[in-house]
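One structure below.
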């Protein structure tokens with residue numbers, strides 16, 4: 070048998086502007102990758118809680134014992150793969166709009182060789198995500214074969230604005246991580262109205278309104294209890310995610326319910342800017358989520374006296390269609406409910422009340438691709454500067470650089486929602502004694518559309534996973550294969566090393582210091598030429614955005 074390397078992983082070549090931009094923040098956390106893999110709701114189908122799926126695999130894999138019963142995956146080359154493993158009871162019937170519950174035991178061996186259902190979601194660009202169902206709380210595991218030592222565990226939380234996506238998307242295939250000595254786990258969690266919902270009829274149950282986050286916590290508990298049997302180290306777990314997945318991790322870092330479930334965190338393009346909605350204000354006024362819930366129920370011909378049981382009798386199809394008819398992108402972000410979430414992410418970090426774990430976080434150079442996708446008018450972004458717009462124009466160097474208002478708005482949006490919050494979270498972590506590393510991803514296509522724009526939202530994912538072949542639409546043509554593979558090897562190696570040691574550095578790879586290095590800020594920039602460190606990256610712009618963000622936080626607290 071082989072054992073995992075005990076040295077660090079080496080790549081092959083060396084080894085609501087107003088309340089966080091209001092509904093725009095939902096557009097921000099819309100993972101561009103989710104757009105590439107959605108299906109029509111008409112193809113959705115329900116599935117039983119225990120699915121015995123015929124194998125369509127390379128070869129039969131080992132039978133692994135979990136606390137609930139045995140599961141059997143398949144073997145593929147040097148790894149074992151388990152797909153569609155239940156980590157919670159199906160949130161159907163009386164369990165809809167309740168916190169996730171541990172899975173029930175089963176006596177027969179579950180054949181876990183195909184992905185489970187995706188969670189219910191709206192169609193995006195008519196792209197397939199496979200079958201959909203409320204019975205969707207499963208995870209997928211890629212593990213190295215024949216190892217004598219426990220391997221580090223990395224748990225991926227997908228993006229998609231808390232409305233789209235799944236853990237089975239091609240970009241998230243964990244084979245390369247498993248080949249690098251990592252046990253890689255992806256998960257599904259409830260989305261849209263199924264994942265975040267509040268109504269006065271549910272208040273008496275004193276349950277959370279954040280069912281998506283409840284699912285993620287239950288998945289992490291399942292991993293803590295069972296991953297040792299798959300060859301993973303339950304005491305060396307790294308959570309990582311992009312966009313809404315990174316926002317989720319921001320909350321996981323600041324919630325009491327998730328303490329002790331992971332040891333490190335990686336946040337890609339999200340996590341710090343979120344200003345959570347309030348279920349109620351300090352003055353007792355009902356906030357938008359409850360109002361939206363009541364309006365939604367009214368469209369189902371249910372009056373204000375509707376009971377929780379009656380709400381749960383609405384068909385899943387009608388829940389999805391009613392949410393679709395509301396339009397917009399708001400009202401499905403996590404909310405301060407006093408149960409799981411007590412306060413905003415940034416405030417928790419600033420007060421030193423976040424989990425004290427190593428953090429790696431960053432953003433991409435053209436996150437504002439989202440604005441173009443949703444045809445957001447630049448003036449709506451620039452309105453956020455209000456009386457400080459003249460100062461902002463000077464700091465951003467509009468005249469000196471010859472920027473148009475559109476280019477100015479794009480830069481300001483990215484700084485406000487992605488680049489600035491990543492820096493601020495890292496600086497807060499460092500202030501309270503926790504190592505924090507910051508990156509900026511700037512890979513650019515060499516031909517085709519968007520050559521000059523920079524790296525769009527989500528483009529770093531196939532590089533981190535070393536799955537470039539799964540995402541040609543994201544990374545462009547293959548004429549620059551050598552540079553692309555070199556960058557993918559490098560980023561993948563940094564992520565693996567961080568997961569193992571809480572420090573991305575190794576050997577001859579470019580040194581990556583923590584963000585606070587003496588009196589300067591250090592950011593690792595990944596571009597077509599490889600990695601390099603930049604000092605005080607966009608500091609004047611990010612300092613301005615920090616001041617504006619603090620003002621928005623104060624306004625949110627006043628209710």
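In our numbering, the protein residues as written are 70 to 628. For each residue, glycine too, the CB sits at the ideal point set by N, CA and C. Source: prediction; values computed, not measured.
For residue 144, the three-state secondary structure derived from DSSP is strand. Assignment of residue 207 by DSSP, reduced to helix, strand and coil, places it in the strand class. Spanning the alpha carbons of residue 234 and residue 316 requires a straight line of approximately 15 Å. Between residue 558 and residue 185, the alpha-carbon positions lie close to 30 Å from each other.
Comparing alpha carbon positions, the residue from 476, 437, 311 closest to residue 341 is 311. Residues 98, 312, 315, 316 of the same chain have their beta carbon placed closer than 6 Å to that of residue 339, with the five preceding and five following residues left out of the count.
As the crow flies, the alpha-carbon of residue 325 is around 9 Å from that of residue 424. Excluding five sequence positions before and after residue 170, the CB atoms of its chain that fall closer than 7 Å to its own CB belong to 157, 158, 164, given in chain order.
A check of alpha carbon separations from residue 214 across 131, 429, 262, 155 identifies 131 as the nearest. Under the three-state reduction of DSSP, residue 156 is assigned to coil, being neither helix nor strand.
Annotation for residue 508: the continuous beta strand (DSSP E) segment containing it runs 505-511.
Excluding the 5 residues flanking it on each side, residue 605 has same chain C-beta neighbours closer than 7 Å at 589, 590, in chain order. In summary, residue 568 is buried, with 16 or more beta-carbon neighbours lying within 10 Å of its beta-carbon over all protein chains present.
Cβ contact annotation for residue 539 (same chain, cutoff 7 Å, sequence separation greater than five): 239, 240, 242, 531, in chain order. Taking the C-beta atoms as reference points, residue 231 is found nearer than 8 Å to residue 401.
With contact defined as three or more Cβ pairs closer than 8 Å, the region 458-466 and the region 606-615 are in contact.
Contact check between the region 402-417 and the region 444-458: fewer than three CB pairs, one atom from each, fall below 8 Å, which does not count as touching.
Residue 511 and residue 318 have their alpha carbons spaced roughly 23 Å apart. The DSSP-derived three-state label of residue 528 is coil. Segment contact: the region 207-222 against the region 242-254, three or more CB-CB distances shorter than 8 Å; contact assigned. Taking all protein chains in view, the Cβ of residue 249 is crowded by 16 or more other Cβ atoms within 10 Å, so the residue is classified as buried.
Boundaries of the alpha helix (DSSP H) around residue 379: 377-381. Scanning 365, 375, 374, 382 for the CA closest to the CA of residue 390 turns up 365. As the crow flies, the alpha-carbon of residue 594 is around 6 Å from that of residue 602. In the DSSP assignment, residue 591 falls outside any alpha helix (DSSP H) and lies within the beta strand (DSSP E) extending over 589-596.
According to DSSP, residue pairing for residue 201 in a beta bridge involves 187. Beta-bridge pairing by DSSP links residue 212 to 149. Between residue 206 and residue 160, the C-beta spacing is below 8 Å. Counting every other CB atom within 10 Å of its CB across the protein chains shown gives residue 623 a total below 16, marking it as exposed. Between residue 305 and residue 221, the C-beta gap is smaller than 8 Å, which places the two residues in contact. Checking the DSSP bridge columns, you'll see residue 601 partnered with 594.
Listed as beta-bridge partners of residue 432 by DSSP are 509. Assigned with DSSP and collapsed to three states, residue 238 falls in coil, not helix or strand. By the beta-carbon neighbour count (other beta carbons within 10 angstroms, threshold 16), residue 586 is exposed. Secondary structure note for residue 130: its beta strand (DSSP E) is the uninterrupted segment 128-134. CA-to-CA, the gap between residue 420 and residue 486 works out to about 21 Å.
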